[in-house]
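The structure appears right after this line, and notes come after that.
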Amino acid sequence: MTAVDPRDAAEVPSPAPALAAPPVAGPMAAPSPAGPVEGPTASPVAASSLTAPATSPSPNPTPPPPPEGVLGRTYRALTLGIISVVSLIAFEASAVNTAMPAVGHALDGIELYAFAFSAYFTASLFAMALSGEWCDRGGPLAPLFTGIATFGAGLVVAGCAPEMWLFVVGRGVQGIGGGLVIVALYVVVSRAYPEVLRPSVLAAFSAAWVLPVIVGPLVAGTVTEQLGWRWVFLSIPVLILLPLTVMLPALRKLPSRKGDEGMDRRRIRLALAVAAGAGLLQYAAQRRDWVAVVPAAVGLVLLVPAIVRLLPKGTFRAARGLPSVVLIRGLAAGSLLAAESFIPLMLVTERGLSTTLAGLSLTGGGLTWALGSYTQSRPRLEPYRERIMGVGLLLITVAILAVPLVLFGGVPVWIVAVAWVVAGYGMGLNISSGSVLLLKLSPPEDAGSNSASLQVSDALGNITFVGLSGLLFSAFGGASVDAGGTPDVTNAASGQPAAFAAVFVAMAAVSLVGSWVATRLKPAESGLAKVPSGGAKTASAVHPRTPSAPAER
Numbered sequence: 010m011t012a013v014d015p016r017d018a019a020e021v022p023s024p025a026p027a028l029a030a031p032p033v034a035g036p037m038a039a040p041s042p043a044g045p046v047e048g049p050t051a052s053p054v055a056a057s058s059l060t061a062p063a064t065s066p067s068p069n070p071t072p073p074p075p076p077e078g079v080l081g082r083t084y085r086a087l088t089l090g091i092i093s094v095v096s097l098i099a100f101e102a103s104a105v106n107t108a109m110p111a112v113g114h115a116l117d118g119i120e121l122y123a124f125a126f127s128a129y130f131t132a133s134l135f136a137m138a139l140s141g142e143w144c145d146r147g148g149p150l151a152p153l154f155t156g157i158a159t160f161g162a163g164l165v166v167a168g169c170a171p172e173m174w175l176f177v178v179g180r181g182v183q184g185i186g187g188g189l190v191i192v193a194l195y196v197v198v199s200r201a202y203p204e205v206l207r208p209s210v211l212a213a214f215s216a217a218w219v220l221p222v223i224v225g226p227l228v229a230g231t232v233t234e235q236l237g238w239r240w241v242f243l244s245i246p247v248l249i250l251l252p253l254t255v256m257l258p259a260l261r262k263l264p265s266r267k268g269d270e271g272m273d274r275r276r277i278r279l280a281l282a283v284a285a286g287a288g289l290l291q292y293a294a295q296r297r298d299w300v301a302v303v304p305a306a307v308g309l310v311l312l313v314p315a316i317v318r319l320l321p322k323g324t325f326r327a328a329r330g331l332p333s334v335v336l337i338r339g340l341a342a343g344s345l346l347a348a349e350s351f352i353p354l355m356l357v358t359e360r361g362l363s364t365t366l367a368g369l370s371l372t373g374g375g376l377t378w379a380l381g382s383y384t385q386s387r388p389r390l391e392p393y394r395e396r397i398m399g400v401g402l403l404l405i406t407v408a409i410l411a412v413p414l415v416l417f418g419g420v421p422v423w424i425v426a427v428a429w430v431v432a433g434y435g436m437g438l439n440i441s442s443g444s445v446l447l448l449k450l451s452p453p454e455d456a457g458s459n460s461a462s463l464q465v466s467d468a469l470g471n472i473t474f475v476g477l478s479g480l481l482f483s484a485f486g487g488a489s490v491d492a493g494g495t496p497d498v499t500n501a502a503s504g505q506p507a508a509f510a511a512v513f514v515a516m517a518a519v520s521l522v523g524s525w526v527a528t529r530l531k532p533a534e535s536g537l538a539k540v541p542s543g544g545a546k547t548a549s550a551v552h553p554r555t556p557s558a559p560a561e562r
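Counting in my numbering, the sequence shown tops out at residue 562, every number present.
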C-alpha cells in the first residue's frame with residue numbers, strides 16, 4: 010500500500026459519503042488512498058476495508074522464519090542425491106586401490122599397472138573443462154546425467170575386460186564421466202542453493218568421503234576374495250540408479266541458461282592439449298631409458314602453453330581474487346597427496362610396520378577432513394574465510410614437517426597418525442572454503458568454467474607435486490628402497506632417510522607458499538573489474554561483501 014504525500018491531499022477528491030467506511034480510532038490507523046482526514050479521532054482506512062474489516066498492524070511484526078537447512082523440505086532430495094553420488098565415486102576410488110593388485114595379476118598386466126590410475130586422472134582433465142562449458146551454456150542437468158552414465162559405462166568396460174589394455178580404456182571412460190560429474194555438481198550447488206547454505210553443502214561433499222574411505226577397502230577386499238575382482242566394478246552401476254531417481258525432480262526445476270553462443274571450442278582444445286601433455290609426461294616418467302626424453306618434451310610443449318591459457322589469467326603469479334583461489338587449490342591438494350603417497354612406504358621400510366598398520370596411520374585424516382569442512386561451514390566464520398584458508402595451509406605445513414621425525418629411531422610412530430589428523434583438519438578448512446569462495450566470486454553464468462578451472466588446478470597439482478616428489482626421492486637415494494626388506498632404522502648411511510626427508514621438506518615448502526597465497530584471496534577493494542579474464546572467466550574484482558558483488562546479486 011502506497012502512502013499519499015500530505016501535500017497532494019488537496020488534489021485528491023474525497024470519497025463519497027455513501028462509500029465511506031467507519032472511522033478507526035487509535036494512533037496506529039493507516040493512511041487512506043483518499044488522503045488524510047483531519048480530526049482527533051478519525052482516521053482513514055485502506056481501500057480494502059470497503060469489503061473486509063480493517064485490522065491494525067502489530068507494533069512488533071513477527072520476524073520471518075529462519076531459512077531452511079540443506080536437509081529441509083526444499084533441499085532434502087537434492088542434498089541426499091548429491092551425497093549419494095559423491096559417496097559412490099568415493100567408494101569406487103577406495104575400492105579400486107584395493108582391487109588393483111588382483112586385477113594386475115589376473116590380467117597379466119603389471120607393466121600397465123600405473124596406467125590404470127593415470128588413465129582416469131588424465132581423461133578427467135579434459136572432461137572437467139568440457140563440463141564447465143556445457144554447464145554454462147545449457148545448465149548442469151545434461152552433463153551431470155551424461156557423466157553418471159559414462160562413469161557407469163566405464164565401470165562395466167573395466168569389469169568385463171579380458172585384457173589389461175581394455176581395462177585401462179575402461180578406467181579412461183570412468184575418468185571422463187567423473188570429470189563431467191564433479192564440475193556439474195559444483196554448478197548445481199551454485200544454482201540450487203542460496204549463498205548462506207553453500208558452505209554446508211560443500212561440507213557434505215567432504216563428509217560423503219568419510220564412510221567410503223573407512224569401509225571401502227574392507228568391502229572391496231572381501232568382494233575380491235569371495236566373488237572376484239570384477240564384481241568390485243560391476244556392482245556399482247546398479248547403485249547409481251537410486252540417487253538419480255531422487256535427484257531428478259529437483260534438478261529439473263533448475264533454470265537453464267541457454268544462449269545464442271555455443272561452447273568455447275578454444276577452451277576445449279586447450280583442455281585436450283593439457284590432458285595429452287599430462288599423459289605423455291606420465292608415460293615418460295615410467296620409462297627408464299633415453300627414449301623417454303621425446304614424449305617428455307612433447308608433453309611439456311602441449312601442457313605448459315595450454316594450461317597458462319586455460320586457467321584464469323594471473324593464476325601463476327597469484328593475482329588477487331579468483332586466480333589465487335584457483336592456485337591455492339593446486340598447492341594444497343598436490344602437497345598433501347605427494348606427502349601422503351610416501352608415508353606408508355616410509356613406515357614399512359624405515360620402521361618395520363606392516364602394510365595394514367602403515368595404511369591405518371592415515372585414516373584419522375579422513376575423519377578430521379570432514380570435521381574441518383564442518384567447521385568452515387559455521388555462519389559466524391563467514392567473514393574470516395580467507396584467514397581460515399591460510400590457517401588450514403599452516404596446519405598442513407606443520408603436519409608434513411612432523412612426519413619425518415619418525416626417521417629417528419627414538420620417536421614413536423604414532424606421531425605420524427597425530428600429524429595426519431592435523432593435516433586432515435587443515436585440508437577440510439582449506440578445500441571446502443576455497444570452493445565456497447570460488448562460487449562467491451563467480452557470476453552464475455561462469456560458475457561452470459570457473460569450477461572446472463578449480464578442478465583442473467587440483468588435478469595438475471597432484472600430477473606436478475607427486476612427480477616432483479618421485480624425482481627428489483630418486484635423486485636422494487630412494488631408488489634403493491626395498492619395501493619387502495627388513496629395514497635398519499639406525500642406518501642413515503643407506504641414503505633412504507634422506508630421500509624421505511627431502512620429499513617431506515619440499516612438500517612442506519609448497520604448502521607454506523600456499524599459506525602466503527591465502528593472503529591474496531580477497532579481490533581488490535575497488536569496485537572496478539581489475540581481474541583480467543584469461544582462459545577461464547573471472548568475476549569482477551569487487552570486494553565479496555559489497556552489494557554489487559555478482560555472487561550476492
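Glycine included, each C-beta is placed from N, C-alpha and C at the ideal position.
Note that the structure is predicted; figures quoted are calculated from it, not measured.
- Inclusion of G343 and V519 in the CB contact set at 8 Å is warranted, their separation being smaller than that value.
- Taking C-beta atoms as the reference points, A213 and T83 fail to come closer than 8 Å.
- In the structure shown, A328 adopts coil according to DSSP, grouped into three states.
- Beta-carbon to beta-carbon, E349 and L416 are separated by about 17 Å, too far to satisfy the 8 Å threshold.
- Taking L446 as the centre and dropping the five residues before and after it, the same chain places the C-beta of V334, R394, E395, M398, L530 and P553 closer than 8 Å to its C-beta, in chain order.
- A check of alpha carbon separations from R278 across A293, A533, Q385 and I316 identifies I316 as the nearest.
- Leaving aside the five residues that flank E101 on each side, the residues in its chain whose CB is nearer than 6 Å to its CB run, in chain order, I245.
- Under the 8 Å Cβ criterion, the stretch 155-173 does not count as touching the stretch 471-489, having fewer than three qualifying pairs.
- Three or more pairs of CB atoms, one per stretch, sit closer than 8 Å, so the stretch 123-136 contacts the stretch 457-468.
- According to the DSSP assignment, Y195 belongs to the alpha helix (DSSP H) that extends over M173 to A201.
- Check the Cα spacing between A367 and each of S382, Y383 and V412: the tightest is with V412.
- Taken through DSSP and simplified to helix, strand or coil, R360 comes out as helix.
- The DSSP-derived three-state label of F509 is helix.
- In this chain, the alpha helix (DSSP H) harbouring P246 covers I245 to R261.
- The C-beta distance from G374 to A293 rounds to 31 Å, too long to fall under 8 Å, and the pair is not in contact.
- Secondary structure of V422 (DSSP, three-state): coil.
- Per DSSP, reduced to three states, the secondary structure at R278 is helical.
- Secondary structure at G308: helix, using DSSP grouped into helix, strand and coil.
- For L97 and V219, the gap between their C-alpha atoms comes out near 12 Å.
- Take L481, set aside five residues on each side of it, and the residues of its chain with a beta-carbon closer than 7 Å to its own are A511, V512 and A515, in chain order.
- Here Q291 is near S127, since their CB atoms are less than 8 Å apart.
- Three or more pairs of CB atoms, one per stretch, sit closer than 8 Å, so the stretch 450-462 contacts the stretch 140-147.
- When Cβ pairs closer than 8 Å are counted between the two stretches, the stretch 174-181 is seen not to touch the stretch 223-240, the count staying below three.
- The residue among L369, P452 and E454 with its C-alpha nearest the C-alpha of V422 is L369.
- Note that the stretch 440-457 touches the stretch 201-213; at least 3 beta-carbon pairs, one per stretch, sit closer than 8 Å.
- Here the alpha carbon of G435 sits roughly 43 Å from the alpha carbon of P171.
- Just measuring C-alpha positions, the residue of W240, G148, R329 and G118 sitting nearest P532 is R329.
- By the beta-carbon neighbour count (other beta carbons within 10 angstroms, threshold 16), L250 is exposed.
- Contact between S441 and S215 holds, since their C-beta atoms are separated by about 6 Å, short of 8 Å.
- Counting along the chain, the unbroken alpha helix (DSSP H) around D467 starts and ends at A456 to A484.
- Of the candidates D455, F242, G437 and L289, F242 places its Cα closest to the Cα of V165.
- In this structure, DSSP gives M516 a helical state, which the three-state scheme calls helix.
- In terms of Cβ geometry, G286 and L320 do not form a close pair [threshold 8 Å].
- Counting along the chain, the unbroken alpha helix (DSSP H) around G374 starts and ends at T372 to Q385.
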